[in-house]
Every structure is written in C-alpha cells, then in structure tokens.
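A.B. asks:
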Amino acid sequence: MLREMLHQLVGNISDDAGHMVHLIVKTFWSSVQCSLPPHMTLEEIGSWLELFKAVLTKALPEPMHVDGDGNANDDETRRNPWWKAKKWTLQVFCRFYNVYGNPKHSNSTPELSGFFRGQVAPHLLVAVLETLSLRPSGRYCPDRIVQLSIMYLQEAIMSAMAYKQLQPHLDFVLFKVVHPLFCLTEADLDLFHNDPHEYIRQCSDVLGEYLNPVFAAEGLLVELCTKRGKDCVVKVLSFYNDLLVPTPANEGQWIQKEAALHALCALDSFLTLSPPHQAQMESVILSHVLPAFENPRGYMRLRAVKMLSRNYMTKLVFADSTMSHVVNYLLRCLQDPELPVRIEAAKSFRHVVMYNHSTVVQDTLRPLLPQVLDQFFVIMDDMGFGDEVVLALDQLIDSFCDEVGPYAVQLVVRLTQRFKQCLDKDEDDEDACFTAASCLDTINTILMSIYSQSELFEPLIDALLPTLHLILSTDAYMDFVESALDIVKSIAYYSAGIHPKVWALFPTLFRGADLWGSEYMHQLVVVLYSLIGRDAVGFVSAVFQVNLPNGTTKRIRYLELVYNMVRRILHKEHVDDEEVWGACAIIECIFHNCDGVDVFIPAALQLICFRMSRTPTNEPRMLTQLLSAVLAAMRSNAALTLTALEKMKVLEPVVKALEKNAELRTTLTEQKIYVLGIMALFGRPAAELPLPVQVICALESHPANSKMGFPAPNLRNVCVGGAENACGPIGPNAASHCSTVTTAGCARGGGGGGSWRERRDIATN
3 MLREMLHQLV GNISDDAGHM VHLIVKTFWS SVQCSLPPHM TLEEIGSWLE
53 LFKAVLTKAL PEPMHVDGDG NANDDETRRN PWWKAKKWTL QVFCRFYNVY
103 GNPKHSNSTP ELSGFFRGQV APHLLVAVLE TLSLRPSGRY CPDRIVQLSI
153 MYLQEAIMSA MAYKQLQPHL DFVLFKVVHP LFCLTEADLD LFHNDPHEYI
203 RQCSDVLGEY LNPVFAAEGL LVELCTKRGK DCVVKVLSFY NDLLVPTPAN
253 EGQWIQKEAA LHALCALDSF LTLSPPHQAQ MESVILSHVL PAFENPRGYM
303 RLRAVKMLSR NYMTKLVFAD STMSHVVNYL LRCLQDPELP VRIEAAKSFR
353 HVVMYNHSTV VQDTLRPLLP QVLDQFFVIM DDMGFGDEVV LALDQLIDSF
403 CDEVGPYAVQ LVVRLTQRFK QCLDKDEDDE DACFTAASCL DTINTILMSI
453 YSQSELFEPL IDALLPTLHL ILSTDAYMDF VESALDIVKS IAYYSAGIHP
503 KVWALFPTLF RGADLWGSEY MHQLVVVLYS LIGRDAVGFV SAVFQVNLPN
553 GTTKRIRYLE LVYNMVRRIL HKEHVDDEEV WGACAIIECI FHNCDGVDVF
603 IPAALQLICF RMSRTPTNEP RMLTQLLSAV LAAMRSNAAL TLTALEKMKV
653 LEPVVKALEK NAELRTTLTE QKIYVLGIMA LFGRPAAELP LPVQVICALE
703 SHPANSKMGF PAPNLRNVCV GGAENACGPI GPNAASHCST VTTAGCARGG
753 GGGGSWRERR DIATN
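In case it helps, the working numbering puts the sequence shown at residues 3 to 767.
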C-alpha cells in the first residue's frame, strides 16, 4: 500500500505530497534499519529503491534567495519537505550499501548483496552523482544532502564493480565536489572575524563534524588515496601543488591555497605512512606552512597551526632547525590577535611536545615554560569552556615533569579555580563537564610529576581538600568521582606520609561511598590500600566526632566506618562480584597491614560466613574472594580466627571449602594469600588445633599422607608451590622461616615483599 502511494505521489510537486513522501521514506527506513522484513522479495526491494531513486533525482524549484556560497537564505526552502525526503532516501541508500550490499555483513546474503551491487547500485550511483552535480552547476543543494551523497560514495569505492563505474568521474568528484568543500565560505570568514567563539564551537563539535560535508569530503579523499591510490594520489598531489606554488594575487587565490593546505592536512595519516612522500613533507613545511605563520590573514595562520597539530609532528623526522622554527612560530601564535589561532596553537602543543626524535622541542620550551603555562591559562579564560586546551596542558606538564615542581602549587590552585567555574555552569553543558574532568586529570598529572618532591604536597593538600570533599560527599558529581579518587590515591602514594588533613577526608570518603561505591569500588579499594598501607597505625587510632541530635557528640573509629560499609555490602540481598571483591579486599587490607585489630576479626568473619552461606556453588570466584578474607584473618591472628569459626559452628565447612578452593587459585597473588594463611596455623601447637585443621597440618607436614586418601591432593601442590614463591625453597624449617620472615612482608604486600607500593598493587591484580 505504501509503495503504491509513493508511486502516485512522486510526480506531485506540492508540499503536502512532499510531507507524505517524507513520512513514507522514514517508515521504510525504520522497517529496514536492523533487518529486512522476512517476506520482502528481491523484486520488491528493487521496486522500492527505484522509487527512492526517483525521489532523489526529482527536480525542485530553485530558492528565491541564495548567498554567494549556494546556501538558501529563506526558511521556506530550508523547510521544504522534498529536501527532507531526499535526505532520508540517501540514508536508506547508505544503509543498504553498508549492510545489505556487503556480502561480509551478518544481515546480508550472497543473493541479496549480489542483487544490490549488480542491479541496483549502478542506477543509484548515477542518481547520487547527479545530486552532487547540483552545486557545481550553480544550483541549490543542502549540506546534509551533500554529506550523505559523499558517504554513499565512500561505500561505493569499496566495491570493484561500483568503482569501475565511478572511475571515469574521479576528476569531477575530486575537484568539483571535494575541493570546493575545503574552500572557506563567506559564512566561515564572517564567523572567524565576528564571532570567533561560535567558530571555535563549530570546529570542536563532534556531532556537527559527523553531519558536516567538509568532514565527509576529508574522509572520501583519504579513502580514495588509500584504497584507490593508483588512480588518485598523483593527480591529487599535482592539483594541490599547482595551487600552492604560485604566489596568490587576490583573496580568492589565498582561499584556494588555504584549501590546498586543508587537503594536505586531511591526508596526514596517508602521507606520513607513505615512504615516497615522507621525505617530501619537510620541504612542504618549509616552503608553504612556515611562511603562512607570517601571513596577515588569520585563516592562513590558523591553517598553518593545524598542519602542525596532527601526525606530521609525531610520525615524521625533521631537521632540528625546522623544529626550532616550528616551536617558535607556535609560541608566537599563543599571543596571536585572532582567538581561534591562539586556541589552536595551544592545542597543537599536545602533539609538538610528543616529538621524540630529538630534544630540540624541550630545549626550546624549557627556558620559556613559566610564560607558556601562564599563556595557557589566559587562553582558557578567553575561550570559555573546552577540554582540548586543558588536555594539551596535561601533555605539556607530563613532558616537563622534572621542571614543573616550582609551578605546581600555582598550577593546582588555578586548575581548581577553573574546575569550580565549570561546576557553576549548567549541568547539561557538556563542554563544561569535559573541561572540569580534564582539570582534575591534569591536577593528578601534576601530582605524579612531583612525586619525588614530597615537601610540595602539603600546600597542595590545602588547595585540593575542599574540592575533594565537595565531589566525594555526594552523588551530584558522579562524573568526577573517579578523577577525585585518583587524586587522593596520588596524594597518599607519593607524599612523605599520610597528613592528618588527608585522614580527615576518610569519613567523607565512606559516606560518599554509600552513594557511588558500587560504581567505583575498584578505585576506592586502591585508595584504601594506599592510605592504610602507608599509615596503618594512624588508621587504627583515628577517630572522628559526630554531633548527635541531643547536643552530645559521639566518637567513631575509622575501623568502625569500614566495618559498617562492609556489612552493608555483604548483607545485601543481591550483590555483584565487584562489590564482594571490594568488601573482601578491604578486609584483607586491614588484616594484612594492621596490628591491634583483633576486635574486628570475629565481626568480619561473621559477615564473611553470612555471605558464603548465600553464595551459589556455581560462583567459585566469589567464594575464592570470601575465603581469601578468612585466610587474611588467619594470618592476622590464627587462634582468634579458629575460635570465632568454632563458636559460629562453621569451622569444618570453612576448612572443607578451603581444601576444595586450593586448586581454583590460579594467580600467584591468590596462591600466596592462601599459603600465608595456612602457614600461620603452623605456629600453633598441633594439639591445640581443632581436628579439621589438624588434617590440613598433617597433609602439609607429611606429604606421604596424600597417598592415604585425603580428599584434596592439590592442596599440598598449591601450598608447596606458593610457599616456594613466597618464602624460597621448601625445607624442614619452612614453616618457621615463613612465619618469621615473610608473613609480615609477603602477606602485607600481597606477596610482593612488603613495601607500601607493592601493597597497593594487590588491589589492581
């Protein structure tokens, strides 16, 4: 019915008919987007696409008002339903070529792809080329139609049959369709000079790039030179060389030259990987790019900067003199009168400082680093909100990590201020959100850069704590929690010790974790390993005061905070593996690092056994995590652990679970935790041990017993192998050797020797 209606309407020029055709095409698109209806035959598909071809080639009245760039100035033309119908028709064509015309796609069949490529696509290609000829012939064609037509050509050049049909029209496509799109329009120049912020926004708009015909033209040019280079590369480079060599005599020729540089910029991924062209690029830079920095036209300076912002700086080798000129010109552009040039110059440093073929970039920038850093913040103030300049600053700091120390405090203060400015913006402002996250990441880069200068951390802590409290205390800033936890981790990891002001952040961390902990459990555990691992005494003794409604205060130990959080997790009716891992890792962290926490052992074991009783037998990983926490308790205080398990009447089931679990421990860390927990039992007199535990000790002490029918022969293999890794070769005195030498080091460090840095790494294994 719809096909018959479309057949009747396609010859009608009225707007009402256009609206109906628009709806029919959209309906068809929705029906075939994921898969074709099972009853649809090849003949029906061909009939539909033939009608859509008629819609695409339908001649429409020219608009009354068209600017010099061929764009309609009246709303009536822009709202014309026939152009909307053409747009959706092209989307159907692209979808068919990409999915159903591709024999390798799972939704296609050989019959369908062969039918489309052999009988349908040749006719559609003619219609698409006819549509693309509208602008070169002086007629109106919307940007979106041009963009979709180019996307169709990108699909077509992948097919040998379609490319053979397209080959005679390559000059038209390259020089009448693609090249004019690279040329700046009157609207572009007007935005550049009169509304630079909007110009910058459009250039940075990812979604806008996807819908922009210029971006599509860049992709088509790269695909043609890469996939069909034999026919395209020589003529493309010759064409643009002819535009670059002569000195322009008027503004139009300057725009043509800028378009030529635009094309070379788009081809950077191809030219930098092609050996014949790599050697020629330095002469292009010297002859055409560097002189553009001296050009009075801002758009030429902008294009010169963009040429140095991509693969040319990271994949090619230049003479030191050339790179020195490049850096000096970019430094000059940081203070260019045109805002887009300043911003692009700042962004380009992200690529330039990655040039690693010589030290000329670092040597040139090093004496000017304070001024460069100041100019970055001036540019950030000028541009509003955008994360690319902040990312470039991050890369710059990372490249000069040894020199950034004297400026660290000032940088962190200014980045914190910038972050707060971003928070004051509308929560739906994505640019502000991305900028805020980049500010936090850059702060973390600074902290890692000054890791060896621990004296700088105290003033940084004062600057950062208010922001960290703000982020971690609520779920209003969930997008920034991970970055904030990274900052806390770096402070704990690199500073000389855990400052009391940092410990004051601990209650905020746990109150906030009730809101965001399930999503960032891994990061939280890493932070706790850094804090507790470096200052176990401070953790055990730390308390904070809570004001009660009756006017009194209550002192709560940090250990109690941890217990309450673990209890909430393990008592959940439905809990995922990540949360169980996090709760168990926190328990292990305390038992492996802290003395004087015996009061915590029975309560923790009760929680673990509660969760074990509700863990299905088909989830061995979760059971392994829970048993690792039991083993950590054994290493901390074996006698108290056994007593607590006996009182709960679960000792025998736990021991049996440990026997069965031995062979499931495949990683070295898991095996070390197992060995050190079991070997903690050897320090107890055998007569004092409960019978189920004596079985394990007998198995370990008398290897021959494994032949007497003990149920877990793999237990000894794990213990021996893990003990040798943790303690050295097993011998007669292995138990005492491990208990005196390595249980304090290997266990606390997850088997890595006991340093606080290694302890932190347990959480990431």
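Glycine included, C-beta positions come from ideal geometry on N, C-alpha and C.
How big is the Cα-Cα spacing for Gly103 and Cys96?
C.D. replies: 10 Å
A.B. asks: Whole alpha helix (DSSP H) runs in the stretch 486 to 557 with 4 or more residues, listed along the chain?
C.D. replies: 502 to 505, 508 to 518, 523 to 536, 538 to 543
A.B. asks: Could you check how far apart the C-beta atoms of Ala587 and Val527 are, in whole angstroms? I think they sit under 8 Å.
C.D. replies: Confirmed, about 5 Å.
A.B. asks: Identify whether Arg137 lies in helix, strand or coil by the three-state DSSP scheme.
C.D. replies: coil
A.B. asks: State the DSSP-derived secondary structure class of Pro705, mapped to helix, strand or coil.
C.D. replies: The predicted model places Pro705 with a pLDDT of 46, which falls under 50 and marks its position as unreliable; any figure quoted below should be read in that light. Helix.
A.B. asks: Please list, in chain order, all residues of the same chain as Leu660 whose beta carbon is under 7 Å from its beta carbon, the five residues on each side excluded.
C.D. replies: Leu629
A.B. asks: Hey, how far is the Cα of Asn313 from the Cα of Phe217?
C.D. replies: 17 Å
A.B. asks: Please classify Arg299: does DSSP put it in a helix, a strand, or coil?
C.D. replies: coil
A.B. asks: Under the three-state reduction of DSSP, which class applies to Arg97: helix, strand or coil?
C.D. replies: helix
A.B. asks: Along the chain, where does the alpha helix (DSSP H) containing His9 start, and where does it finish?
C.D. replies: 4 to 11
A.B. asks: Pairing CB atoms from the stretch 225 to 243 with CB atoms from the stretch 287 to 302, are three or more of them under 8 Å?
C.D. replies: no
A.B. asks: Quick one: is Glu220 buried, meaning 16 or more other Cβ sit within 10 Å of its Cβ, or exposed?
C.D. replies: buried
A.B. asks: Thinking C-alpha only, which one of Leu398, Val57, Phe54 is nearest Met356?
C.D. replies: When each option's Cα is compared against that of Met356, the closest is Leu398.
A.B. asks: Return yes when the Cβ of Arg368 is within less than 8 Å of the Cβ of Glu340, no when it is not.
C.D. replies: no
A.B. asks: According to DSSP, Arg559 sits in a beta bridge with which residue or residues?
C.D. replies: Val545
A.B. asks: Excluding sequence positions up to five away, which residues of its chain have a Cβ less than 8 Å from the Cβ of Cys267?
C.D. replies: Arg305, Lys308, Met309, Arg312
A.B. asks: Here's a check: name, in chain order, each residue in its chain whose Cβ is nearer than 8 Å to the Cβ of Leu507, leaving out the five neighbours to either side.
C.D. replies: Leu467, Leu470, His471, Leu474, Val490
A.B. asks: Could you give the DSSP three-state label for Ile381: helix, strand or coil?
C.D. replies: helix
A.B. asks: Determine the extent of the alpha helix (DSSP H) in which Val328 is found, giving its start and end residues.
C.D. replies: 322 to 335
A.B. asks: Going by DSSP in three states, Ala251 sits in which element: helix, strand or coil?
C.D. replies: coil
A.B. asks: What is the DSSP secondary structure of Lys259, counted as helix, strand or coil?
C.D. replies: helix
A.B. asks: Since Thr671 is in the alpha helix (DSSP H), which residue starts that stretch and which ends it?
C.D. replies: 670 to 681
A.B. asks: Quick check on Val208: buried or exposed, where buried means 16 or more other Cβ atoms within 10 Å of its Cβ?
C.D. replies: Answer is exposed; the Cβ neighbour count stays below 16.
A.B. asks: Any contact of the stretch 455 to 465 with the stretch 491 to 500, i.e. 3+ C-beta pairs under 8 Å?
C.D. replies: yes
A.B. asks: For the alpha helix (DSSP H) holding Phe54, just list the boundary residues, first then last.
C.D. replies: From DSSP, the alpha helix (DSSP H) with Phe54 extends over 44 to 59.
A.B. asks: Which runs of the alpha helix (DSSP H), 4 residues or longer, sit entirely within the stretch 362 to 414?
C.D. replies: 362 to 367, 371 to 385, 389 to 401
A.B. asks: Is Arg613 closer than 8 Å to Val656 when the C-beta atoms are compared?
C.D. replies: no
A.B. asks: For Val2 and Tyr154, which I take to be in contact (beta-carbon distance under 8 Å), what is that distance rounded to the nearest angstrom?
C.D. replies: Within the shown structure, residues of the chain are numbered from 3 to 767, placing residue 2 beyond reach of any answer.
A.B. asks: Based on Cα-Cα distance, which residue from Ser161, Asp145, Ala664 lies nearest to Ala106?
C.D. replies: Looking at the sequence provided, one finds Lys at residue 106 rather than Ala. If we check each option's Cα against that of Lys106, Ser161 comes out closest.
A.B. asks: Phe387 and Thr437: beta carbons closer than 8 Å?
C.D. replies: yes
A.B. asks: In three-state DSSP terms, what is Lys232?
C.D. replies: Reduced to three states, the DSSP call for Lys232 is helix.
A.B. asks: When the Cα atoms are used, what is the spatial distance from Ile610 to Ala486?
C.D. replies: 30 Å
A.B. asks: From this set, Leu127, Tyr99, Gly407, which residue's C-alpha is nearest Lys166's C-alpha?
C.D. replies: Closest by alpha carbon: Leu127.
A.B. asks: Classify Arg5 as buried or exposed, calling it buried when 16 or more other Cβ atoms lie within 10 Å of its own Cβ.
C.D. replies: Note on Arg5: under 16 other CB atoms within 10 angstroms of its CB, so exposed under the neighbour-count rule.
A.B. asks: Is the stretch 631 to 647 touching the stretch 590 to 604, taking contact as three or more C-beta pairs under 8 Å?
C.D. replies: yes
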